[in-house]
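Here the structure comes first, spelled out in structure tokens, and everything after it is commentary.
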Amino acid sequence: MSSSIFRVHPAVGIARVGNSPEYYLAPETAAGEPVGSDGLMGGLPIKAGTEDTGITDADFRDADQKVKRQAARFRIYQYPADSAAAYPNGQGTEVTLNSMVDGKRVVDIVWTVHLANKKLNNYAINDFGLDGYTPPALPAIRNQNYSNTPNDLNDPTRRTELVIDPGPRAVSAARMAGAPVAFDAATPATCADANGEIVPVPAYPKSFPADHHALYEPLGPLDSLGDVVVEPETGRLIVAGGFGKTAGVLTDGNPPPLNEATENGLWFDDTSDGPVDAVLVLRDEATGAYSRLAVHGAWVVTGDPGYAPQTRNVVSAWDDVFDVWVRSLNLLPALYDGGGFNTGYRPSFSDDVLPIFHAAMLQRWNTNLPQGAIKAHTMIGSIKPTDDPTMKIPDLTRLIRNPNGSAEEIQTGSPLMPLSLGDMQKSFLTVSQTQYFFLTQWHAKAYQPGPGPALGPGERLDYVSLANCLGGRYSPGIEVSFPVRDTHLYATDWRTSGCGPFRINAKPLDYATAVADRPFLTAGYTPQRDAMVEPGDVSKFMSVPWHTDYNSCAVHLPDPNPNLPTGGTNPDGTPTSYPNNTLFWSWPAERPVQVHPARLCRYDADAGTWTLGGQTFSVRGDGTATDYPANAGRYQSYSDYVKNWHRVGFVIQGTQIASGDKPSYGPDLFLEVQSLFTEDGPLVQPWPTANVPAAPVAPAT
Amino acid sequence: MTAMVRRAAAAIARTVGAAAVALCALSATPALADGCVAPKEWFSQPVTMPDPMAFKPDASNCDFHLWSWQMFLWLMEPDAKTGLLRFETFPGPESLTPTASTGVTPGALLPGLKLTDSKAINEYLQAGPDGILVDQNGRIVYYSMYINDVFSGFFARNNLTSAANILALDPNTPFPPGTLSLKAAWKIVGAGDNPAGFYSRKAKINPLVKKDGKFVIDPSRTEEVTVALVGFHIAGTVANHAEMIWASFEHNDNAPDVANLSGVQPADVVSERNWTFYKAKTPFKDCNVNPAGSPTQTLDEATQRMSPVTQVCRLYPYGSGPDKQANADNIKSLNASVQSQDAGVWKNYFELGSTWFNTNKSDGGGEPLQPNCNFQPGSLRCGVVITGSTHLSNSVIETFTQSQSTMDSCFSCHHTLQRFPADPSQNPLPGKDANISHIFNNLYFRLQQK
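These protein sequence lines map, in sequence, to chains A and B.
According to this note's numbering, the stretch in the first sequence is residues 67 to 767, in order.
According to this note's numbering, the stretch in the second sequence is residues 42 to 491, in order.
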């Protein structure tokens with residue numbers, strides 16, 4: 067027995083698809099947070115093979131111009147056992163290969179990861195998000211009447227033919243460092259036993275689309291969900307996900323339609339998720355005896371490509387996860403207890419408030435905000451902890467949309483912020499209730515200017531990983547979706563189990579029970595129900611396939627469109643109402659709509675400064691032109707985005723962009739690089755644009 | 042020829058030559074409708090300024106449009122001393138800034154007669170999203186602003202000579218009745234243009250240059266040109282309407298109306314003929330395109346030609362949606378009434394529309410002006426009912442914000458919410474009644490400049 071507890075961090079690691087076998091590592095700093103003193107902002111991914119070297123513009127693609135994947139790197143931290151119930155714990159020492167733990171040397175770390183994709187055997191996305199699962203309600207399932215089977219997610223045929231499941235893979239830090247192990251059909255399924263031995267699971271019922279279907283695979287065979295590899299020397303685990311592929315099940319020789327933003331039936335993709343577990347193998351240096359220690363596992367999710375990794379979401383997935391843990395899982399009683407926020411709690415300006423302001427400031431780089439709005443956002447981003455809040459935002463209630471506000475307020479767009487779209491019947495995005503409380507405390511001058519309680523290094527990875535993900539508008543999202551707001555998704559006994567907060571409520575998987583030709587995974591987690599979480603249960607709430615959702619989510623009308631009274635009356639005496647025809651962004655941080663290409667910037671040698679060139683759409687070129695502003699900035703045919711997603715460029719800070727023989731672009735510009743689109747068009751107009759002429763109701767095909 | 046028209050004609054002849062007096066009837070004079078008509082005395086004697094205090098609390102829709110037209114005609118009367126139109130003798134907003142650069146000294150906030158034609162016209166950005174209107178010759182449209190003595194008196198009386206004093210102003214301090222602020226839109230008369238039918242005059246403009254990636258005026262240089270008046274805004278307070286009546290006028294030949302806006306298709310041709318700011322047969326999809334911020338927008342600094350040319354189409358004739366056709370009918374009637382009279386060059390201009398708050402609660406009205414509201418549908422409407430021309434955008438002053446429901450009312454931008462600065466080092470201005478005027482807001486920020 068050890069007097070310590072061990073946890074894998076981040077609790078939820080984020081990988082991203084790419085069509086290259088190469089990868090860079092997920093950022094270990096948070097977008098929107100200053101890193102160092104040279105103006106560098108966080109969120110920058112890390113070069114493969116390095117501890118913390120930020121990528122440059124040259125690192126987004128490989129030598130063949132393919133998009134590198136983002137791999138999630140997992141580490142193990144040791145905590146004093148008596149600190150298990152604390153949050154933030156503030157402690158944590160990383161355990162790597164050859165670390166000494168309780169006087170014993172770590173001679174191996176045996177990792178087991180199990181990725182799966184259950185999207186096609188899940189509930190369809192609806193407009194109500196988590197509310198659509200309030201018992202006894204359940205949304206309709208995807209692929210109803212599939213192959214004449216019952217509409218039951220536990221039907222064995224559905225679980226076999228609609229699920230991609232390569233099974234588990236185990237890797238040994240001592241014996242397999244640097245050797246990738248693929249989640250493909252050819253690689254044997256293995257897992258680590260309690261002794262840290264890698265055990266084959268030959269009976270594991272692997273399942274890939276080609277095993278069951280004739281397929282249309284426009285990007286090549288969908289035959290792998292990625293790979294795992296041990297980082298040499300340290301023994302950390304690196305999980306790299308899929309390759310951005312999609313495969314449609316042929317019917318009578320034809321692929322299924324690809325006409326919908328999120329629900330396209332029998333279209334597989336290679337995103338995935340699943341548990342990341344580890345066993346520490348120790349050797350007593352004095353006696354030579356071996357022992358094993360269990361580690362509280364983590365979870366990995368593979369999402370969309372990171373096209374703008376340094377642009378922070380005003381509401382990130384962290385903000386949503388933290389909010390549910392604060393308000394529903396008693397994470398920080400000093401902050402929230404007894405059903406309400408404690409007005410005596412003093413949030414940290416730098417930790418709790420400034421990231422929101424910086425996020426607002428950074429939105430301009432992925433959107434077509436006009437100059438006046440850019441300047442106002444810049445002012446907000448420049449607020450200092452020493453400023454009088456009421457001098458910088460005279461009336462907070464008339465700038466920030468109150469998440470507890472009236473239905474009318476939730477439907478009110480400008481001037482209330484954030485001015486992007488919401489979800490779950492909310493026309494516009496709101497900050498989380500916890501974020502709103504932090505802002506109101508700051509505005510009431512009940513805040514501390516400096517950092518709050520320190521996170522331990524592992525806890526910081528938990529935060530950073532999710533802070534770099536989309537929150538707020540799970541329609542369905544980029545990496546994770548509305549279930550992150552569900553307490554049932556999490557292991558809530560963390561204080562007694564020692565696993566720490568924010569952990570997925572992972573279902574124990576006994577691979578000894580695996581039987582060939584019988585699906586191993588079940589229907590699994592269902593929101594607002596108690597079933598534990600299996601591989602594939604987090605990503606299954608995302609779009610089918612992810613490509614169509616990404617393409618679609620440029621700009622939209624508010625939904626529901628506000629139906630607010632104007633106070634006037636029609637000639638027939640009925641009240642006049644307000645159909646808002648203005649177009650707003652879905653995901654302005656992570657789904658760039660309008661960008662500033664670096665190649666259009668000009669260097670003014672006399673002034674010694676770079677000036678911006680014009681804006682272009684991020685998704686542009688052949689197939690994107692439209693007469694309808696509501697359809698701008700996307701391919702008019704979803705299949706064209708499938709074929710061209712890898713051509714889209716990336717937005718990165720100027721300091722990371724090669725500037726040839728000219729001085730650096732500097733920290734103040736965030737520019738598009740590595741786009742494979744050679745044209746500038748179609749023309750970008752400044753916001754606001756309107757749905758005039760009105761786009762046809764029928765979806766673009 | 043009436044006295045008024047004679048004076049106008051003289052002014053025109055002075056500036057652009059005798060040919061300009063040959064007024065060009067651009068469209069057939071519509072038949073007069075019953076109801077909202079212009080008093081005949083407007084055309085038989087000098088027009089008087091409408092008395093702001095005499096404005097009735099139960100004024101009808103027509104009364105507001107009569108105020109608009111009367112004020113327009115009064116402002117367009119030639120000044121006996123200068124030969125300029127009356128509005129051109131008003132000072133600009135810069136007169137409120139007591140700095141050396143504006144030539145105004147502290148304490149001199151009550152301007153006397155100021156001959157603004159000696160000052161270069163230098164406004165070129167439209168309100169809202171950075172739009173620059175480019176005419177068919179590739180020249181940009183310029184704008185100039187004016188205020189009257191009641192406007193400047195408000196600043197003097199409240200000692201608004203510093204940012205601190207503006208900040209300290211009681212939020213519930215509206216502009217008094219009689220306040221006026223004006224904006225004129227000027228098209229540069231090119232070699233092939235016929236100024237007949239326009240009010241036009243010589244003027245100096247500051248040319249446009251590209252600097253730091255943005256198009257800005259070069260205040261160090263001027264160009265002498267002939268400019269023609271193509272659009273005009275009047276914002277003025279009267280008794281019971283501190284929110285101001287926002288009246289907008291255009292030249293008849295500016296741009297075509299879009300028929301059937303709700304059903305228009307991208308390829309639909311809006312008009313078969315040329316207009317001042319529209320090329321015949323341009324499809325709707327190419328109307329009112331704002332290339333600001335796009336790499337396709339270019340400027341030849343030598344010739345001052347900007348590209349692309351803006352094709353202007355008017356989306357809401359008379360600023361009226363389907364629910365405001367009675368309002369549109371009154372405007373049309375009044376316009377026809379004026380155009381049927383001996384109104385000289387002003388026959389070639391029309392009231393596009395006017396908008397104000399309906400504060401007559403016995404007639405479906407709501408609350409009056411108050412601070413910290415945006416008056417738009419939603420949680421910050423504050424019970425206000427905007428009426429009259431509720432979709433009012435001048436096609437040459439708000440060309441690019443006609444289509445957006447969130448931008449197509451004067452009050453969309455002219456509200457009383459807090460205002461944020463362009464300079465991050467400055468502080469915002471809290472919500473105040475006087476924020477209804479951007480001149481007030483801008484002065485606060487200008488006075489914060491070090």
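Note that CB positions come from ideal geometry on N, CA and C, so glycine has one too.
Mind pulling the chain A residues with CB within less than 7 angstroms of L458 of chain B?
Using a Cβ-Cβ cut-off of 7 angstroms, L458 of chain B is close to R464, P481 of chain A, given in chain order.
Please classify R225 of chain A: is it buried, with 16 or more other beta-carbons within 10 angstroms of its beta-carbon, or exposed?
buried
Interface positions of the stretch 428-445 of chain A facing chain B (Cβ-Cβ less than 8 angstroms), listed along the chain:
N434, P436, Q437, G438, K441, A442, T444, M445
Is it buried or exposed for E685 of chain A, if we count other Cβ within 10 angstroms and need 16 for buried?
What sits at residue 685 of chain A in the sequence shown is Val, not Glu. Buried, because 16 or more other Cβ atoms sit within 10 Å of the Cβ of V685 of chain A.
With 9 angstroms set as the bound, which would you pick, yes or no: does the beta-carbon of P448 of chain B sit closer than that to a beta-carbon of chain A?
For the sequence presented, residue 448 of chain B should be read as Met rather than Pro. It does: the Cβ of M448 of chain B has a partner Cβ on chain A nearer than 9 angstroms.
Residues bridged to T123 of chain B by DSSP?
DSSP output for T123 of chain B lists no bridge partner at all.
So with CB distances below 7 angstroms, who are the chain B contacts of V750 of chain A?
Residues of chain B whose Cβ lies closer than 7 angstroms to the Cβ of V750 of chain A are, in chain order, G334, S335.
If you drop the 5 nearest sequence neighbours on each side, which residues of the same chain put their C-beta closer than 8 angstroms to that of P275 of chain A?
I230, L281, L288, A313, V315, F334
Endpoints, the beta strand (DSSP E) within which D293 of chain A is located
Note, D293 of chain A: beta strand (DSSP E), 290-296.
Kindly say whether K326 of chain B, judged by its beta-carbon, lies nearer than 9 angstroms to any beta-carbon of chain E.
The displayed structure is made up of protein chains A and B, and chain E is not among them.
Same chain, Cβ closer than 8 angstroms to C619 of chain A, five either side skipped, listed in chain order:
A327, S541, S652, W653, R657
What's the C-alpha gap between N482 of chain B and N476 of chain B?
6 angstroms
Got a sec, what are the start and stop residues for the beta strand (DSSP E) S643 of chain A sits in?
Element bounds for S643 of chain A: 641-644.
I'd like the span of the alpha helix (DSSP H) that includes K373 of chain B, first residue to last.
First-last of the alpha helix (DSSP H) with K373 of chain B: 366-380.
Given that N413 of chain B touches chain A, what residues does it touch there, using C-beta distances under 7 angstroms?
D461, R464
Give me, in chain order, the residues of the same chain whose beta-carbon lies closer than 7 angstroms to that of D309 of chain B; leave out the 5 immediate sequence neighbours on both sides.
P324, F325
Neighbour list for D688 of chain A in chain B, Cβ cutoff strictly below 7 angstroms:
Chain B residues near D688 of chain A: none, gap ~17 angstroms exceeds 7 angstroms.
Once you ignore the five residues that flank D350 of chain A on each side, which residues in its own chain have a CB closer than 6 angstroms to its CB?
K170
Check distances from the C-beta atoms of the stretch 676-700 of chain A to those of chain B and list, in chain order, the residues that come in under 8 angstroms.
T677, L678, G679, G680, Q681, T682, D693, Y694
Unbroken stretches of the beta strand (DSSP E), 3 residues or longer, contained in the stretch 315-343 of chain A
333-335
Starting from F398 of chain B, follow its DSSP beta bridges and name the residues at the other end.
B:I427
What do you get for M457 of chain A, buried or exposed, if any count of 16 or more other CB atoms within 10 angstroms of its CB means buried?
That one is exposed.
Is the CB of I480 of chain B under 9 angstroms away from at least one CB in chain A?
no
E164 of chain B: buried (16+ other C-beta within 10 angstroms of its C-beta) or exposed?
buried
Three-state secondary structure (DSSP) of Y540 of chain A:
Here DSSP, grouped into helix, strand and coil, assigns Y540 of chain A to coil.
Closest Cβ-Cβ distance between D294 of chain B and chain A: below 9 angstroms?
no
Neighbourhood of G109 of chain A by C-beta, 6 angstroms cutoff - its chain only, sequence neighbours within 5 removed:
P93, A97, P375, Q376, N534
List, from N- to C-terminal side, the beta strand (DSSP E) runs of 3 residues or more that fit wholly inside the stretch 233-296 of chain B.
241-246, 249-252, 255-258, 264-279, 282-292
For C414 of chain B, the three-state DSSP class (helix, strand or coil):
C414 of chain B falls in the coil class under three-state DSSP.
For N163 of chain B, decide whether its Cβ has a neighbour in chain A, counting only Cβ atoms nearer than 9 angstroms.
no
Would you be able to state if there are at least three C-beta pairs under 8 angstroms between the stretch 552-567 of chain A and the stretch 590-603 of chain A?
yes
Along chain A, in chain order, which residues have C-beta atoms closer than 7 angstroms to that of F461 of chain B?
A442, M445
Beta-carbon of P645 of chain A versus every beta-carbon of chain B: anything under 9 angstroms?
So, interface residue.
For E135 of chain B, count the other beta carbons within 10 Å of its own beta carbon; 16 or more makes it buried, fewer makes it exposed. Which is it?
Classification for E135 of chain B: buried.
Determine the DSSP secondary structure at A161 of chain B, reduced to helix, strand or coil.
coil
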